[in-house]
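Student:
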Amino acid sequence: MVAPETCRIVDAFEDALTASADRLTQLRAPGGDLGAELANSRQLMNWLFDGGWVRWGWPPEVGGLGGSSLIRCQILERLALHGYDIPHHLQVLEVVGPAVINHAPQLAPAVLPAALRGDELWCQGFSEPEAGSDLAALRTRATVRDDGRFVINGQKVWTSYGAHADRMVLLARTGPVSDRHRGLVMLLFDLDSPGVERRPIALAGGREELAEFFFTDVVVDADRLIGDVGAGWSVAMDLLQYERGTYAWLRMAICASRLQKLLRTTDVNPWDTATYPLAGAAVGQAYLSLAALRARTSSTLGRLAAQETVGEQTSVDKLLLSTAEQDVLDASMALLGTDVLIGDGPEAQRWRDEWWYSRAASIYGGAREIQHSIIADRVLKLPRETTVGR
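Numbering (full-length UniProt numbering), first residue to last: 1 to 390.
(1) Would you mind reading off the limits of the alpha helix (DSSP H) that contains Glu354?
(2) Helix, strand or coil for residue 394? Go by DSSP, reduced to three states.
(3) Contact check, Ser69 vs Gly57 under 8 Å by CB: the rounded distance?
(4) Count the other CB atoms within 10 Å of the CB of Glu385; is the residue buried (16 or more) or exposed (fewer)?
(5) Work out the CA separation of Leu112 and Val62 for me, nearest whole Å.
(6) Grab me the residues of Ser362's own chain with a C-beta within less than 6 Å of its C-beta, minus the 5 sequence neighbours each way, in chain order.
(7) Check whether the stretch 276-291 and the stretch 340-352 are in contact - that is, three or more C-beta pairs closer than 8 Å.
(8) So Phe150 packs on Leu187, CB below 8 Å; how close in whole Å?
(9) Which class does Asp238 belong to by DSSP, given the choice of helix, strand or coil?
(10) With a CB to CB cut of under 7 Å and the five nearest residues on each side skipped, what residues in its chain are close to Arg173?
(11) May I have the straight-line CA-CA distance separating Thr18 from Val54, to the nearest angstrom?
(12) Give me the residue from Asp217, Tyr161, Leu263, Ala36 with the minimum Cα distance to Arg199.
(13) Would the C-beta of Glu5 count as close to the ligand HEM, meaning under 7 Å from any of its heavy atoms?
(14) What residue ranges within the stretch 51-89 form continuous alpha helix (DSSP H) runs of no fewer than 4 residues, ordered along the chain?
(15) Using 8 Å as the threshold, is the stretch 264-275 in touch with the stretch 293-313, meaning 3 or more CB pairs across them?
(16) Do you know how far the Cα of Glu197 is from the Cα of Cys123?
(17) Using C-beta distances below 7 Å, list every residue in its chain close to Arg251, excluding the 5 sequence neighbours before and after it, in chain order.
(18) Would you kindly work out how many angstroms separate the C-alpha atoms of Ala256 and Asp179, rounded to a whole number?
(19) Runs of 4 residues minimum, wholly inside the stretch 12-36: which ones carry the alpha helix (DSSP H) assignment?
(20) According to DSSP, what are the bridge partners of Val328?
(21) Since Leu210 contacts Ile201 with CB under 8 Å, what's their CB separation in whole angstroms?
(22) Where do the ends of the alpha helix (DSSP H) carrying Thr297 lie?
(23) I need the straight-line Cα distance from Arg207 to Ser127, nearest angstrom please.
(24) Taking C-beta to C-beta, are Gln241 and Leu301 nearer than 8 Å?
(25) From Phe13 to Trp47, what distance separates their C-alpha atoms?
(26) Can you tell me whether Lys381 is helix, strand or coil according to DSSP?
(27) In the DSSP assignment, what residue or residues form a beta bridge with residue 391?
(28) Just the Cα atoms here: how many angstroms apart are Ala360 and Glu212?
(29) May I ask which residues mark the beginning and end of the beta strand (DSSP E) holding Val219?
(30) Terminal residues of the continuous beta strand (DSSP E) containing Pro270?
(31) Please confirm whether residue 413 and Ile254 have their CB atoms less than 8 Å apart.
(32) Measuring straight from C-alpha to C-alpha, what distance separates Pro98 and Thr338?
(33) Measure from the alpha carbon of Pro194 to the alpha carbon of each residue in Ala110, Arg378, Pro109, Asp217, then state which is nearest.
(34) For Pro87 versus Gly67, is the C-beta distance shorter than 8 Å?
(35) Around the Cβ of Lys318, are there at least 16 other Cβ atoms within 10 angstroms (buried) or fewer (exposed)?
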């Protein structure tokens with residue numbers, strides 16, 4: 001049950017959103033142009049920060065208002081259901097921000113306020129060419145100098161928003177590759193530092209939303225350390241529960257908004273199953289998947305807000321997210337048909353881009369097969385598969 005105080009704040013937010021509709025409508029992102037979307041994202045973050053709405057649940061020392069993070073999550077769901085994109089800046093911050101607060105409390109007040117206002121866009125440097133879902137295989141090296149600073153050499157790839165980001169939360173290795181989970185370190189550093197080269201990567205729809213990075217003797221100050229040297233793996237695991245929990249809630253809200261928009265704008269009546277049997281089945285499946293995702297992530301958010309360690313159980317959230325996202329965009333294909341496939345207008349392009357993006361939902365953040373293995377091994381404690389005759 002939602003607390004009365006949360007209901008009061010969320011109702012006040014909706015009133016403010018309605019009162020500012022003329023100003024904010026221009027911030028609804030156009031399809032296809034990520035640069036315009038990020039500019040709108042920044043302005044919307046500024047408005048949300050100035051009104052205090054996005055500050056709920058963050059500690060006062062980083063620019064927040066305190067209180068429960070559940071208030072902020074409810075506000076963001078309402079924002080999406082009113083047809084606004086949840087700011088890209090915030091989608092990243094919801095994942096990496098808690099790790100900075102939990103593991104670098106002395107650093108958080110210096111760096112988080114600008115990100116919370118939307119003045120900076122951060123990204124997450126985890127995946128590498130030889131270390132995608134298997135993060136323990138990463139090779140990017142952080143050498144500790146005598147003065148305590150770090151020197152970064154290596155490569156990262158598939159970095160969301162990397163082509164536009166100002167700062168990166170980086171997972172690197174201080175020990176040998178054979179150490180696997182041991183000998184890792186997490187750092188925050190500026191992407192305009194000498195020695196950083198970035199190359200945009202275009203998605204199937206043409207949007208340059210990802211980037212590849214090459215680091216050559218990049219110097220990072222010792223005070224940008226998140227956690228302890230050698231403890232990077234535990235910090236990463238803490239971060240991932242927000243990536244698979246809080247982020248899944250945000251994507252749920254976005255997908256629910258997309259489905260709502262579909263049903264409001266299409267001429268197809270999916271409930272007329274005699275005329276549109278495929279559309280009805282697709283929309284029904286999308287609703288079921290979203291309901292399952294919402295139920296699961298609302299439980300996870302409550303546990304995270306209570307400072308519980310959810311850990312590997314968030315792999316369930318990630319699986320439900322990938323299913324829901326793909327089901328919603330499959331419903332768009334069923335409802336819009338050839339308009340999505342061959343249409344030239346911006347709306348057709350946006351639906352086409354989002355359908356392509358949804359195909360990656362079962363890969364990014366840990367592939368579906370990896371999540372199945374985590375659930376089987378670490379959550380359900382199932383016996384490992386054996387081969388007869390060996």
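Glycine included, every Cβ here is placed at the ideal spot set by N, Cα and C.
Tutor: So, to answer that:
(1) According to the DSSP assignment, Glu354 belongs to the alpha helix (DSSP H) that extends over 346-359.
(2) One cannot answer for residue 394 here, as it falls past the ends of the chain, which runs 1 to 390.
(3) With 8 Å as the limit, Ser69 and Gly57 qualify as a contact, their Cβ atoms being about 3 Å apart.
(4) Around the C-beta of Glu385, fewer than 16 other C-beta atoms lie within 10 Å, and the residue is accordingly described as exposed.
(5) Going by the C-alpha atoms only, they are around 6 Å apart.
(6) Taking C-beta separations shorter than 6 Å and ignoring five residues to either side along the sequence, the partners of Ser362 in its chain run Ser322, Arg368, following chain order.
(7) Output reads no: the stretch 340-352 does not touch the stretch 276-291.
(8) About 6 Å separates the two Cβ atoms, so the contact holds.
(9) If DSSP states are grouped into helix, strand and coil, Asp238 belongs with the helices.
(10) Contacts found: Leu138, Arg139, Thr140, Arg141, Ala142, Gly183, Leu184.
(11) Answer to the nearest angstrom: the Cα atoms are 17 Å apart.
(12) Taking only the C-alpha atoms, the option nearest Arg199 is Tyr161.
(13) Summarising the ligand content, the structure contains no ligands, and the ligand HEM is consequently not present.
(14) Listed in chain order, they are 69-81.
(15) Under the Cβ criterion (8 Å, minimum of three pairs), the stretch 264-275 does not count as touching the stretch 293-313.
(16) Cα-Cα distance, rounded: 15 Å.
(17) Only Leu321, Glu325 meet the Cβ criterion.
(18) Approximately 43 Å, taken between the alpha carbons.
(19) Taken in chain order, the unbroken stretches of alpha helix (DSSP H) that lie wholly in the stretch 12-36 and span 4 residues or more are 21-24.
(20) For Val328, DSSP assigns no beta-bridge partner whatsoever.
(21) So it is a contact: roughly 4 Å between Cβ atoms.
(22) Its alpha helix (DSSP H) spans residues 277-305.
(23) Straight-line spacing of the CA atoms in Arg207 and Ser127 works out to 19 Å.
(24) For Gln241 and Leu301, no; Cβs fall outside 8 Å.
(25) Our two residues, Phe13 and Trp47, have alpha carbons roughly 12 Å apart in a direct line.
(26) Residue state, collapsed to three classes: coil.
(27) The requested residue 391 does not occur in the structure, where the chain is confined to residues 1 to 390.
(28) Rounded to whole angstroms, Ala360 to Glu212 spans 17 Å at the Cα level.
(29) Run containing Val219: 210-220, per the beta strand (DSSP E) assignment.
(30) No beta strand (DSSP E) holds Pro270; DSSP gives it neither H nor E.
(31) Residue 413 is absent from the model: the chain starts at 1 and stops at 390.
(32) So the two alpha carbons sit approximately 43 Å from each other.
(33) Considering only alpha carbons, the answer is Asp217.
(34) Judged by beta-carbon spacing, Gly67 lies beyond the 8 Å limit of Pro87, meaning their Cβ atoms are not closer than that value.
(35) The residue in question, Lys318, is buried, as its Cβ has 16 or more Cβ neighbours within 10 Å.
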